[in-house]
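Residue numbers (this note's numbering), protein chains in the order written: chain C, 5 to 288; chain R, 5 to 288; chain G, 5 to 288; chain U, 5 to 288; chain Z, 5 to 288; chain V, 5 to 288.
The structure appears below as structure tokens.
Number of protein chains: 6
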Amino acid sequence: MKSAKDKATVLIEALPFIREFRGTTLVIKIGGAALEKLPLRERFAEDLILLSWVGIRVVVVHGGGQQVSKMLDRLGIEAKFIDGQRVTCERTLEVVEMVLGGSLNKEIVRLIASSGGKAVGITGKDGGLATAVRRPASESGDLGHVGDIVSIDTEVLEELLENFIPVVAPLATSVDGHTLNVNADPFAAALAVALGAKKFVLLSDVEGVKDREGKLIPSLSAAAARELISDKTISGGMIPKVLHALSAVDGGVSKVHIIDGRSEHALLLEIFTSEGVGTQIISN
Amino acid sequence: MKSAKDKATVLIEALPFIREFRGTTLVIKIGGAALEKLPLRERFAEDLILLSWVGIRVVVVHGGGQQVSKMLDRLGIEAKFIDGQRVTCERTLEVVEMVLGGSLNKEIVRLIASSGGKAVGITGKDGGLATAVRRPASESGDLGHVGDIVSIDTEVLEELLENFIPVVAPLATSVDGHTLNVNADPFAAALAVALGAKKFVLLSDVEGVKDREGKLIPSLSAAAARELISDKTISGGMIPKVLHALSAVDGGVSKVHIIDGRSEHALLLEIFTSEGVGTQIISN
Amino acid sequence: MKSAKDKATVLIEALPFIREFRGTTLVIKIGGAALEKLPLRERFAEDLILLSWVGIRVVVVHGGGQQVSKMLDRLGIEAKFIDGQRVTCERTLEVVEMVLGGSLNKEIVRLIASSGGKAVGITGKDGGLATAVRRPASESGDLGHVGDIVSIDTEVLEELLENFIPVVAPLATSVDGHTLNVNADPFAAALAVALGAKKFVLLSDVEGVKDREGKLIPSLSAAAARELISDKTISGGMIPKVLHALSAVDGGVSKVHIIDGRSEHALLLEIFTSEGVGTQIISN
Amino acid sequence: MKSAKDKATVLIEALPFIREFRGTTLVIKIGGAALEKLPLRERFAEDLILLSWVGIRVVVVHGGGQQVSKMLDRLGIEAKFIDGQRVTCERTLEVVEMVLGGSLNKEIVRLIASSGGKAVGITGKDGGLATAVRRPASESGDLGHVGDIVSIDTEVLEELLENFIPVVAPLATSVDGHTLNVNADPFAAALAVALGAKKFVLLSDVEGVKDREGKLIPSLSAAAARELISDKTISGGMIPKVLHALSAVDGGVSKVHIIDGRSEHALLLEIFTSEGVGTQIISN
Amino acid sequence: MKSAKDKATVLIEALPFIREFRGTTLVIKIGGAALEKLPLRERFAEDLILLSWVGIRVVVVHGGGQQVSKMLDRLGIEAKFIDGQRVTCERTLEVVEMVLGGSLNKEIVRLIASSGGKAVGITGKDGGLATAVRRPASESGDLGHVGDIVSIDTEVLEELLENFIPVVAPLATSVDGHTLNVNADPFAAALAVALGAKKFVLLSDVEGVKDREGKLIPSLSAAAARELISDKTISGGMIPKVLHALSAVDGGVSKVHIIDGRSEHALLLEIFTSEGVGTQIISN
Amino acid sequence: MKSAKDKATVLIEALPFIREFRGTTLVIKIGGAALEKLPLRERFAEDLILLSWVGIRVVVVHGGGQQVSKMLDRLGIEAKFIDGQRVTCERTLEVVEMVLGGSLNKEIVRLIASSGGKAVGITGKDGGLATAVRRPASESGDLGHVGDIVSIDTEVLEELLENFIPVVAPLATSVDGHTLNVNADPFAAALAVALGAKKFVLLSDVEGVKDREGKLIPSLSAAAARELISDKTISGGMIPKVLHALSAVDGGVSKVHIIDGRSEHALLLEIFTSEGVGTQIISN
């Protein structure tokens, strides 16, 4: 019966964490790459369900850059980028909407349903959730139908959260009624702020923020994070990720976690155990 | 001031119809072809909003066969049909889901938002809405991932109906958790029955049911409709349409209307005026 | 089918107005004279019902001076006035209460019911709605049981507004429990302010405010209206009407309209179209 | 301190009665004559308030025949009766509505307010409460605008009962939208049945049902009451009163009381003490 | 019928008091000695029920010092006191909890049930109601497991108050999860403040506060009460009682009454009549 | 990271069990002996909290025979038994009430609070929860104040279950208002039936039902259980325990479990894992 006792111990160890988080909102952003690399996608869905069943208000935001690029390729449309950001022409936007809102979004919904949960997939266009403005063309060029969030109306999420796990694709409507492609990280950060989330998790395909020696930094204050950016310890694609994390912290989210979606149940362990996973950024 | 008085008269003439339908549920199915041929898509959205603002619980189901075929073509996937029904292989299913759930669904949501309404687009996979079984292979061949609805759980629709117009793409989940492509007409009929709808409108690109002389039949009892099928007055693509209408009538829906989406504001006129539009099928 | 399309166009043109007003409160005051002169009283009831069915919280306040005078005459009681205000002796008060609370109030309720709506008629005495103080005798004489509103308790209206159109006769209770006759214009203005109404409509038997040339002024700022009173452009019975309108504007009501109840569906056109009807007074 | 103890004893003796009636509905009909003869009208209002404050759902229905006749006389309209029932011509109906709905109804509301309670006065025309059919002309003649209740929609009463004491004047609307004068006794009986009242009290200006010796009968089964009518022990105006009481008993009201409104606090004593007051009629 | 009228008069005299207190909260503390000396315990229960049935939110807090001492004696445990306060060792605490939470609390619940009311007995430990800190040892010695209230969480009381009379034994939980014995007077005062009570009644076995001549003082301002303590007019056990009363007044309770539980229905007379009972302390 | 993964696996394995039980009611009876022998009482409290936090409606019923006997001994009162049942004289009843309702009940509440949960302890006397009849004296003698449940009013439990874990001591009120001592097993079974519980767990200090070889029987149909009693495989104290289990099954509870409270987290493992613990009795 040793093993049974061990099981019970694990369950019980989750108690203080459940107590801390039940009733609070948790926004989880999972990137398209991370989604592809999930050891078992079902595991991710199980984590979400367990979190929601202990009373946490879970909202999932997903990206899907890789999948969009693949589909563009199949359709013979060239994928263009300026400074790492996708240029979204009319034809690309159609593909973005199909892949994010039609394929990936519903795939996550299906995964959650398969594991016994109840999810509803929407985009930022649904229920007037996300309003954005088109990014003005800069010297580097025009990104096309790419937008930056200017306001969030959480009504549809609040309603869905009563009985479902909302899964959100990062599209938005412009003030004049057009569709805009929004980067999933700032989209999720804006949702986290608007929902008054206690925690915002960026599930990525990297281990977290590393110092100059390449060693993972488990915890960072917002000030320290800014410092690491200005002294260029943080570089490349990690810079915008950390900046989006900081915008959530600035907006009142207590903790942002950048964790590695490739390790199984990373999300669950992050919330339910004291095991350090990835990097957390906290307000000073 | 003549014109103003006329305006008022029109508004007032709507009163008895509003009185009859406020608080009741109206399921509207619009086909992909009809959607393409809408004189002005905005007009359709306006109709939906007006219906919802006078207190009618409006649910929209849309098809999208033409749009799926176009995308299959762009991707170099052959569109196959058996007895007029799309054979849905794995790769086709992916396209169906992208086009219906990602493109068309969100386009209708955007149209409604542009005209000042609030819509939320989902598929039958969201919130466990629609469960289907895969159509068994017949002598004519195997339709692949095509399903027939076996149960509807209206919870997500009931919740959305409080503040939004739900727009639903006809996909379903199988009992073992796979996605199935469902014909939009029977999908909508099943929703109408499950929601206890008072009216079910099939917005199509034909004028309605015609007699042997090609003259539109404005009204048909269910028995008469069955008669017209067995004596082959009704033929071709109109047969399944009428059969789905009959299944709704059999399920308790008072009236089913087959109307022509190509004439502007057909929907509005059908509900708010005594003008005959298309064909209505009523329980005996 | 030209005519049907026209109908639809009219209905659809109402959309932006419905959007603006649904969920807001609209207080409509109709004078006794206007009520007599309504081309068809049913039209007025229809307007009220349509407004309420699109989600506007409609409250009706009515006067009835002519009808009271007629009844006084039948009873051989002399109708006396000081500065245009009715002197309300004990016997007159009894008649005022009977005619306003018993005849006219219930007649409006009946009209609304006949057109398919649901109304409940009350007076300011019901549910502790209106408390007034007796007007002190002045040099011109003693007006008797005439009061000025000092407080409004909207509880009964809020409750009735959930499912009914409240119709209110302008009577009030004094602090020491006596009945007081209140002028319908300031009574309605006080209700509009207490209910946080967005619009207050004075349905009268004149076209609106006119300039020195006798031309209707379609729109006036509160400041301009005050100017027109002090330079005596506005004179006679229009002075108190404009002053009551201004008291509503000062109390936070966005717009007050003085419109002509004699033209059919004036109310509907005022709310649902961009046609100018009568005079609107807006906060500066 | 003797007196204080006595007071407490009286209060406490009310406990079992409060327990029996709290949460139940009590319909009280007071006739116009009884209203005139109330020793102190304030006493009646106090009784109503106390009953409502201990949690009883109190509904008051009032008559007003005497007051109507007086007003008819003042207006020089002849009061006609056929078999004791008022013939209600167009002009009489106007007076009935003014006196019942305007004067008496609001006077009772005012009395309740003066004693600290909150009442709302309506008629059976308000909120679609009472629907009646016009009494067909008989051999004895045509009663004019006199109706018999065919249906009651309690919605407006249920809403008002949450926070107010509803006071109802016995007018009704016919199916084709006209006003009908209804006898207050059967009107109140119909309300009692529709509301599922536990008790129905007829507050009259007689002591109760008497036997052949003129002695008050404190309690009667429905069967016994019918017996007394058929053997003519009960005669004159008491016959319809008992018949209306029986119709309430037949409709599910447990007890109907015919009590004498002229004795002070008769109502309170009837509900809160074991003192026998008047005659009670109970289902067998 | 004289007697019946008298009864009615008494009931009606309660009206203004019911009006004043319905919907407000009343905290009643009854001491163990007073409970023993109640002329008839049922009378006390009846008072509570009547108060709750007229809409007052009644909360009962009870002491039980005498009963605890008796049980300690039976168990051969010495009852020790420092400055009149019970020293609560581990074994004493067990007895306190048994007697207060098990015997007396449930006896009061039973009394209320026997008279037809519905009560639920809890302690300050239930539902996280009362949190206390252990009283630090002073020069006079260590009181053991005795605590002072630091916070009240009214959630469980608010929930119970919807349908029941809560009866509370004065135990609390320390921040580190131990049980603490709390004096019933300050415990009840803390509840009264936390619940926003309008009145707090200390039902004791003395007549009230007396002046130097031994004459009962019917009413005292808070300032005057403080004066009487500093000039030693108030002395002995009355000092802490008045201090606890003052802490309630300081916390926002309008009136505190120190009344004599030994006189029958003292509570009822205090609330429902203008008879002076005991001493009231009011904010200045 | 091996260990972290293991933890996650354990948590995830609970998913299907949570899904099965969330929203359902679970009644847990823990005996006094089991309570004494709990390896760590905190563990039991943790189990209860975890069950409640995943959405199970947990109700705890406790016995306390050993603790009562100990206190009787300390008070010099002889503990008497007839056929294994405690004879409850007046003095014993007082002790039963003190120990069960005062000591043990509040100790369990305190344990739950210490582990972060929120519990409210009541007895069957509170809120009119349990009504019993006194057991008539038999040939074996008179058990005194011992009762058998005749009705359960779940109102107070339903209210507490919204936010708390109710902990219930098995006392009841007789119809004539006296306290009765009820055996905890049938008391808990009656609650389980009245609440429509899905599961009823008897946490005891034995391993479960054993066969003739002394081997634990993991699962039994109700019929098989009855068989084992009639063929005397089940004997001694296990007979009433199984009979009470059967009464719950007969009353509609799907499964009753007799499990061993002495093994740590037995309760948690029973609900959240597929490990067999003790004996389950299921309806046939």
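Just so it is clear, CB atoms sit at the ideal spot from N, CA and C, and this is done for glycine as well.
Because the structure is a prediction, the values reported are computed rather than measured.
is_contact[residue i, chain R] using C-beta, thresh 8 Å
| i | result |
| --- | --- |
| C/F168 | yes |
| G/T277 | yes |
Cross-strand partners of residue i (DSSP beta bridge)
| i | result |
| --- | --- |
| R/A173 | R/T127 |
| R/H261 | R/V205, R/Q284 |
| U/K214 | U/L220 |
| U/A291 | Absent from the model: residue 291 of chain U. The displayed extent of chain U is 5 to 288, so no value can be given. |
| U/V65 | U/K33, U/V172 |
| G/N185 | G/V150, G/L175 |
| G/I86 | G/Q89 |
| Z/G145 | Z/S142 |
Nearest residue (CA-CA) to residue i, options the options
| i | options | result |
| --- | --- | --- |
| G/E217 | G/I238, G/S118, G/A198, G/A228 | G/I238 |
| Z/V62 | Z/R114, Z/L195, Z/G148, Z/P222 | Z/L195 |
| C/L260 | C/R266, C/E268, C/F276, C/S287 | The amino acid occupying residue 260 of chain C in the given sequence is Val; Leu does not appear at that position. For the residues C/R266, C/E268, C/F276, C/S287, the minimum Cα distance to C/V260 belongs to C/S287. |
| V/M75 | V/G106, V/G59, V/W57 | V/G106 |
| R/V65 | R/A123, R/A141, R/T277, R/A136 | R/A123 |
| V/G151 | V/G67, V/L175, V/K110 | V/L175 |
| G/S208 | G/V179, G/G241, G/V197, G/D235 | G/G241 |
| C/G69 | C/V58, C/L55, C/G88 | C/G88 |
| R/V113 | C/L133, C/S258, C/I169 | C/L133 |
Neighbour flag for residue i against chain Z, beta carbons, 8 Å
| i | result |
| --- | --- |
| U/M242 | no |
| V/D130 | yes |
Assigned secondary structure, residue i (DSSP; H/G/I helix, E/B strand, else coil)
| i | result |
| --- | --- |
| C/A229 | helix |
| Z/T32 | Residue identity differs from the one stated: residue 32 of chain Z is Ile in this sequence, not Thr. Note: Z/I32 maps to strand in three-state DSSP. |
| G/K6 | Any answer about G/K6 is weak, because its pLDDT of 46 lies below 50 and its placement is not dependable; what the coordinates show is given next. It is helical. |
| V/S278 | coil |
| Z/I60 | coil |
| C/D254 | helix |
Cβ of residue i within 8 Å of any chain V Cβ
| i | result |
| --- | --- |
| Z/G148 | no |
| C/P222 | no |
Any C-beta of chain C under 8 Å from that of residue i
| i | result |
| --- | --- |
| V/V113 | no |
Residue-level contact to chain U via CB, residue i, 8 Å cutoff
| i | result |
| --- | --- |
| Z/P20 | yes |
Closer than 8 Å to chain G by CB, residue i
| i | result |
| --- | --- |
| U/A141 | no |
| R/G218 | no |
Worksheet item: For the segment 29 to 60 of chain R, which residues have a beta carbon sitting closer than 8 Å to at least one beta carbon of chain C?
Response: none
Fill in: Chain-ordered residues of the segment 178 to 201 of chain R with a beta carbon less than 9 Å from chain G
none
Discussion item. Using a Cβ-Cβ cutoff of 9 Å, what residues of the segment 66 to 84 of chain Z are near chain V? List them in chain order.
Written reply: M75, R78, L79, G80
Item to complete: Pull out every residue of the segment 249 to 279 of chain U whose Cβ sits closer than 8 Å to any Cβ of chain Z, in chain order.
Response: S267, E268, H269, L272, L273, F276, T277, E279
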